[in-house]
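Structure record follows, encoded as structure tokens.
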Amino acid sequence: MTELTIEFIGDDPQVNFAVQKWIADRGAPAATTDSGVAVQVNSWDDCEQIGSLLSTFIGQRKDSFELRIDGPGGTSTIHEVRMVADAESMKTFLATCAYLQ
Numbered sequence: 013m014t015e016l017t018i019e020f021i022g023d024d025p026q027v028n029f030a031v032q033k034w035i036a037d038r039g040a041p042a043a044t045t046d047s048g049v050a051v052q053v054n055s056w057d058d059c060e061q062i063g064s065l066l067s068t069f070i071g072q073r074k075d076s077f078e079l080r081i082d083g084p085g086g087t088s089t090i091h092e093v094r095m096v097a098d099a100e101s102m103k104t105f106l107a108t109c110a111y112l113q
């Protein structure tokens, strides 16, 4: 099992709490950490599920923010996340950071 940290960086100080609740309410384990939200991934299927949830969450937001995903495979920082917020891109970012490729 690989733990990834997802962090939204923007003007809303509650955005990371909101995404943690969004993910957990939809059945994927997620916990708030000091630097964002921790999620566990074991496979591409986990990355696909969480990537789809992130894509939907981002699509519902009106504010501007960056997204940082950190894991054993590296860190991805997406400066204008709305440009690549589709579920497939989110899945790939998660899998790369989880070192699944």
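So the sequence shown is numbered by the numbering used here: it starts at 13 and just counts up by one. Built from N, CA and C at the ideal position, the CB exists for glycine as well. No experiment lies behind these values; they were computed from the predicted model shown.
On the three-state DSSP scale, how would you describe residue i?
i: Ala40; result: coil
i: Gly83; result: strand
i: Leu16; result: strand
i: Ala107; result: helix
i: Glu78; result: strand
i: Gln72; result: helix
i: Ser64; result: helix
i: Ala30; result: helix
i: Glu101; result: A quick correction: the sequence has Ser, not Glu, at residue 101. Residue state, collapsed to three classes: helix.
Using 10 angstroms around the beta-carbon of residue i, count the other beta-carbons present and answer buried if the total reaches 16, otherwise exposed.
i: Glu100; result: exposed
i: Asp23; result: exposed
i: Gly83; result: buried
i: Thr14; result: buried
i: Gly48; result: buried
i: Gln72; result: exposed
Could you check if residue i belongs to the surroundings of the ligand SAM, using beta carbon to heavy atom distance under 7 Å?
i: Thr45; result: As presented, the structure is devoid of all ligands, the ligand SAM included, so that no description of it is given.
Go through its chain and collect everything with a Cβ distance to residue i's Cβ below 8 Å, but skip five positions before and after it.
i: Leu65; result: Trp34, Ile35, Arg38, Ala40
i: Trp117; result: Because the chain is modelled from 13 through 113, residue 117 falls outside the range shown and cannot be assessed.
Could you name the residues of the same chain whose beta carbon sits closer than 7 Å to that of residue i, not counting the 5 residues immediately before and after it, in chain order?
i: Glu60; result: Lys103
i: Asp98; result: Ser67
i: Leu106; result: Leu16, Val53, Cys59, Ile62, Gly63, Ile81
i: Ile70; result: Val93, Arg94, Ala97
i: Thr89; result: Glu78, Arg80
With a threshold of 6 Å on Cβ separation, who are the neighbours of residue i within its own chain once the five nearest residues in sequence on each side are excluded?
i: Glu78; result: Ile21, His91
Would you grab the beta carbon distance between residue i and residue j for me? Rounded to a whole angstrom, and I think it's under 8 Å.
i: Thr44; j: Phe29; result: 6 Å
i: Val31; j: Ile18; result: 7 Å
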